[in-house]
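Keeping their order, the protein sequence lines are chains D and C. FYI, my numbering numbers position 39 of the first sequence as 26, with every residue one higher than the one before it. FYI, my numbering numbers position 57 of the second sequence as 44, with every residue one higher than the one before it. See structure below.
Number of protein chains: 2
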Amino acid sequence: MSKAINMALINEKARIFKALGHPTRLMFVEKLAGGECCVCELVELAGVDFSTVSKHLSILKEAGIISDDKRGKKVFYRLSFICVTGFMECIETSLRKKLDTDSLMFV
Amino acid sequence: MSKAINMALINEKARIFKALGHPTRLMFVEKLAGGECCVCELVELAGVDFSTVSKHLSILKEAGIISDDKRGKKVFYRLSFICVTGFMECIETSLRKKLDTDSLMFV
DNA sequence: TGCTCATTTGGCAATATAACCAATCAACAA
DNA sequence: TTGTTGATTGGTTATATTGCCAAATGAGCA
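Spelled out as structure tokens, the structure:
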């Protein structure tokens, strides 16, 4: 493997980060880390339009972070990218350390 | 700790992901993971304008991912967010698995 | 002081993203 | 078949991002 930069790989990785780089989508990922749920639940969680939720989900799916499964009239999504969980914990720990004087503490 | 969603925390996390969600910035982070370097080196690496590089760096800095250090006429940046490295390795592993039939292999 | 070099900032145009509404689709029920 | 529910797609508008150029800044040197 040469030292040359693999742009295809970089782009793919950036796409994953970009997909996670929106509060609503990140919220979905954290919710799905606790188990699959249907689109309707996520709509309620996010408090935005059905169409908006659907578009966010397709971005996460395109990036390979979640996968879907249609059962009956409902579509269920689940987390399919394990890496996220560990990273999220690490971020959370450093953020809490850094921000515990802020308004973050009355959660 | 209640189950209520901590939006401030979510937003902050999303900002980190968003900052990493651009090929050029991700390239910088990977480069800086191997040790600090000056803006001029990153300009050469990215092949874009000095001003563009500077703006990308300030986004990473705002997100708390990198920090800077002016020495003489040059400004040096270094990775200040350790979480990234482990996550990147995890992503890389799963991406390589998934994409090894693609054009990624003649790196 | 005045001059460079390395970097940042401001401004602009092109492009991308996000959210809404309306229309469509797919599965099931009546 | 027709209607209903859950979800996706298309279209539009507002906003954000990206990257360039030009101008400004700031540290060190003559």
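We treat Cβ as the ideally placed atom computed from N, Cα and C, and that holds for glycine. These numbers come from a predicted model, not from an experiment.
Helix, strand or coil at residue i [DSSP, three-state]
| i | result |
| --- | --- |
| D:F15 | helix |
| C:I53 | strand |
| C:K48 | helix |
| C:K85 | helix |
| D:F68 | coil |
| C:K60 | coil |
| C:A20 | helix |
| D:C77 | helix |
Own chain residues within Cβ distance below 7 Å of residue i, not counting five before or after
| i | result |
| --- | --- |
| D:V40 | V26, L29, V30, A33 |
| D:L13 | L7 |
| C:F68 | G51, I52 |
| D:T72 | A20 |
Extent of the continuous alpha helix (DSSP H) run through residue i
| i | result |
| --- | --- |
| C:K0 | -6 to 7 |
| C:V26 | 26 to 33 |
Neighbourhood of residue i by C-beta distance below 8 Å, restricted to the same chain and skipping five residues each side
| i | result |
| --- | --- |
| D:V94 | In this predicted model, D:V94 has a pLDDT of only 43, less than 50, meaning its place in the structure is not dependable; the value taken from the coordinates is given anyway. Excluding positions up to five away in sequence, the list is empty. |
| C:G117 | Nothing in the structure corresponds to residue 117 of chain C, since chain C is present only between -12 and 94. |
| C:V35 | T11 |
Close Cβ partners of residue i (< 6 Å) along its chain, the five nearest in sequence each way excluded
| i | result |
| --- | --- |
| D:D55 | V62, Y64 |
| C:H43 | T11, R12 |
| C:F37 | V30 |
| D:I46 | A6 |
Taking a cut of 8 Å between CB atoms, which residues from the stretch -4 to 7 of chain C lie near chain D? L(-4), I(-3), N(-2), E(-1), K0, A1, R2, I3, F4, K5, A6, L7
Can we say the stretch -10 to 1 of chain C touches the stretch 17 to 26 of chain C, given the rule of at least three CB pairs closer than 8 Å? no
Give a yes or no on contact between the stretch 43 to 55 of chain C and the stretch 4 to 11 of chain C, applying the rule of three or more CB pairs nearer than 8 Å. yes
Along the stretch 15 to 48 of chain D, what residues have a CB closer than 7 Å to any CB found in chain C? Listed in sequence order: no entries.
What are the residues of the stretch 74 to 88 of chain D that lie near chain C, defined by any Cβ-Cβ distance shorter than 8 Å? Within the stretch 74 to 88 of chain D, those residues whose Cβ lies closer than 8 Å to any Cβ of chain C are, in chain order, F74, M75, C77, I78, E79, S81, L82, R83, K85, L86.
With 8 Å as the C-beta to C-beta threshold (strictly closer), list the residues of the stretch 53 to 70 of chain D near chain C in chain order. F68, I69, C70
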